[in-house]
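Protein chains in written order, with my numbering: chain D, 9 to 273; chain H, -1 to 263.
Glycine included, each C-beta is placed from N, C-alpha and C at the ideal position.
Just below is one structure, and these are the notes that go with it.
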Amino acid sequence: MLTYAQTILQLYNQLQREGYSNAEMILIRNVYELSMSLFSGRFQPSGKTFISHGVGTASTLGSMHLPVQVVAAGLIHNVYWVGDFGDGIRGISKAKRKDIERTVGKEVEEYVYRFAGQRWNKHTLTFFRDTIDTLDPVDRDVLLIELADQLELHLDVGVLYCAEARQKLTESIRPVILEIADKLGFTILASELVRVLKETASTDIPAEIRTNNTWGFVIAPKSYRKRLTVAFQDLLVRGFGGLQSAMKLRKLFKSAKSNKNKIQE
Amino acid sequence: MYSYAQTNIQLFNQLQSEGYSNNDLVCVLNSYELAMELFTGLFRPSGKTFIDHSIGTASILVSLHVPVNIVVAGLLHAAYVHGDFGSVSIRSISDDKRKQVIHAIGEQVEEYVAEYTTFRWNSQTIPTICVRLNALTPIERDVVLMRLANELEDNLNLGVLYCSDAERRREFIKRFGPIMVDMADKLGFPTLASELGRAFRETTATEIPEELRSRSGQIRAYLIAPKSYRKRPSAVCCHLLTSGLGRSRKLFQKMRKMYGRFLYH
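If you want it as structure tokens, here you go:
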């Protein structure tokens, strides 16, 4: 059974043992410093810090002796959707890409960009499984990052500490990720995935220490408050989201009414 | 060599495997939720998250099979010195802060945290404490145990060497490490003594690439707030006031010295 780093110190020590050079370690240091500023205050649904999750993902990739760029990408793999750039906006943008590229370099940013461009669900993972032989090397590495991400989520039966809805989400993709790991030729990764998934399936944790969280969340320091521009943006987005939901409901109601009229005729 | 928890889920798993009850787990969960609020965004001088350090300290205490009250106190040992309560008085105990902590973890545990805060632990007091160990009250002995757990945690994974003032910290370990090992033995925890000895030996004998040392320049815990947040105006005023008072005090002391020299000559 392999053990994976959960702190940057453990990651540094692991990568040095694995034979990564000083120059490569400096890249990891730079990427970690970026993750400190972008993921500060962020927690996984289980209550674990998001930074630990990034470190764990990088550690998994490091244990497979992958190029340091892939390991570094693992550290900040979800930066575009989860990282706080200060603008209150999620997702990819040219400005963010430039920002990231300046610190981590083009190659690492490309991995992170492609990772963010995918919806990682059963549908897309099945597609990747079926077309693995046609993927270019970067996409194959991005797939590995996703597998490392999944392994990390299941470490220490972490998924069991989340809400049941989150557990159900991960359950649906488990068979596919195992097949992908096998097809990619990473047998140790495949066996580690089997191990953690078995552990998850066979362990029970007291309900009292399970969280109600399906998604990650932010806790800001109490001496801080949200910037007014970001708070205002949030209100607008929520309002817009409410408007969209109201319009969807109206559409549903209209189609139900017209179906009823057709039946009566 | 023991491996200690560095995340909340690792800590919960450890607590369960060490036979702590469900009630104990809930106590630890409550204190962890408070720790998330107080230490969010905070980092150790090595770059490790403060929350991971708190968990590590608690984990070390769990490995010694101490009562859960001490474990919980270990998790929140730095609450009054480093915790952000959002109030005006930053690095000190206040009635308001004590109320908040008591509400989360109970009066008995809070007493440990308060005692830990006021208990002097530095290069002047450590030798005396070791000599006077048998004369300490039970709470003071438990606080010494927490202090030793804190020291071990700081030295895990060569943590001290990744700080910007690594050499000063290494000198401290060389001078006072043997005394702390002796203390652990005298307190009746030979496992802790041997773990401290091992960690201190590693710290004094290992070299790490200087480029990997933290570039923060910080010798104490420091905050990186999420970019979408800014300091509350009240916190800004308080910070200006306290730093202004600090500077005025230093200036006054300097002037007194100069006046004294002037009189002497």
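- Rounded to whole angstroms, the separation of the alpha carbons of F187(H) and R173(H) is 21 Å.
- At a cut-off of 8 Å between beta-carbon atoms, Y18(H) makes no contact with chain D.
- V141(H) is positioned such that its CB atom lies closer than 8 Å to that of E113(H).
- The region 121 to 137 of chain D makes contact with the region 68 to 88 of chain D, as at least three CB pairs between them are under 8 Å.
- Note on G175(H): 16 or more other CB atoms within 10 angstroms of its CB, so buried under the neighbour-count rule.
- Rounded to whole angstroms, K252(H) and S232(H) show a C-alpha spacing of 30 Å.
- Straight across, the Cα-Cα distance linking K56(D) with T5(H) is about 6 Å.
- Along the region 17 to 28 of chain D, going in chain order, the ones with a CB nearer than 7 Å to a CB of chain H are L17, Q18, Y20 and N21.
- The CB of L23(H) comes closer than 8 Å to the CB of P214, E216 and I217 in chain D, given here in chain order.
- Under DSSP, L221(H) forms a beta bridge with L40(H).
- Put simply, the backbone Cα of F250(H) is about 21 Å away from that of C236(H).
- Comparing alpha-carbon positions, the option among L23(H), S52(H) and G45(H) lying closest to L36(H) turns out to be S52(H).
- For the 8 Å CB-CB criterion, F51(D) and F225(D) form a contact.
- Residues Y78, F83 and S85 of the same chain have their beta carbon placed closer than 7 Å to that of K95(H), with the five preceding and five following residues left out of the count.
- Straight-line spacing of the CA atoms in N155(H) and L23(D) works out to 13 Å.
- Contact between the region 178 to 196 of chain D and the region 232 to 250 of chain D is absent: fewer than three C-beta pairs spanning the two stretches fall below 8 Å.
- Counting along the chain, R105(D) sits inside the alpha helix (DSSP H) bounded by residues K102 to V112.
- Per DSSP, R173(H) is one residue of the alpha helix (DSSP H) stretching across A164 to K184.
- Counting the other Cβ atoms within 10 Å of the Cβ of M255(D) gives fewer than 16, which makes it exposed.
- N220(D) sits exposed, since fewer than 16 C-beta atoms from the chains shown fall within 10 Å of its C-beta.
- Secondary structure within the region 212 to 259 of chain D: the beta strand (DSSP E) runs of 3 or more consecutive residues, fully enclosed, are 232 to 234 (chain order).
- Interface residue (Cβ-Cβ distance to chain H less than 8 Å): G166(D) is classified as such.
- With fewer than 16 other beta carbons inside 10 angstroms of its own, H63(H) counts as exposed.
- Secondary-structure assignment with DSSP links R228(H) through a beta bridge to R233(D).
- Boundaries of the alpha helix (DSSP H) around G54(H): F48 to S61.
- Under the Cβ criterion of 8 Å, A233(H) is counted among the residues facing chain D.
- At least 8 Å separates the CB of K184(H) from every CB of chain D.
- A contact is defined here as three or more CB-CB pairs under 8 Å, and the region 29 to 40 of chain D fails this definition with respect to the region 258 to 266 of chain D.
- Contact between C128(H) and D183(H) is absent: CB atoms are separated by about 10 Å, not below the 8 Å threshold.
- For the pair G247(D) and R258(D), the Cα-to-Cα distance works out to about 16 Å.
- Inter-residue distance for T115(H) and P145(D) is about 54 Å (C-alpha atoms, whole angstroms).
- In chain order, Y2, A3, Q4, E151 and L154 place their CB closer than 8 Å to the CB of G54(H), counting only its own chain and leaving out the 5 sequence neighbours on each side.
- Contact of I34(D) with chain H is assigned, a C-beta pair being separated by under 8 Å.
- In this structure, Y232(D) places its C-beta atom within 8 Å of the C-beta atom of Y227(H).
- Distances from the CA of C161(H) to each of T189(H), G39(H) and R211(H) were compared; the closest alpha carbon is that of R211(H).
- In chain order, I49 and D82 place their CB closer than 8 Å to the CB of T38(H), counting only its own chain and leaving out the 5 sequence neighbours on each side.
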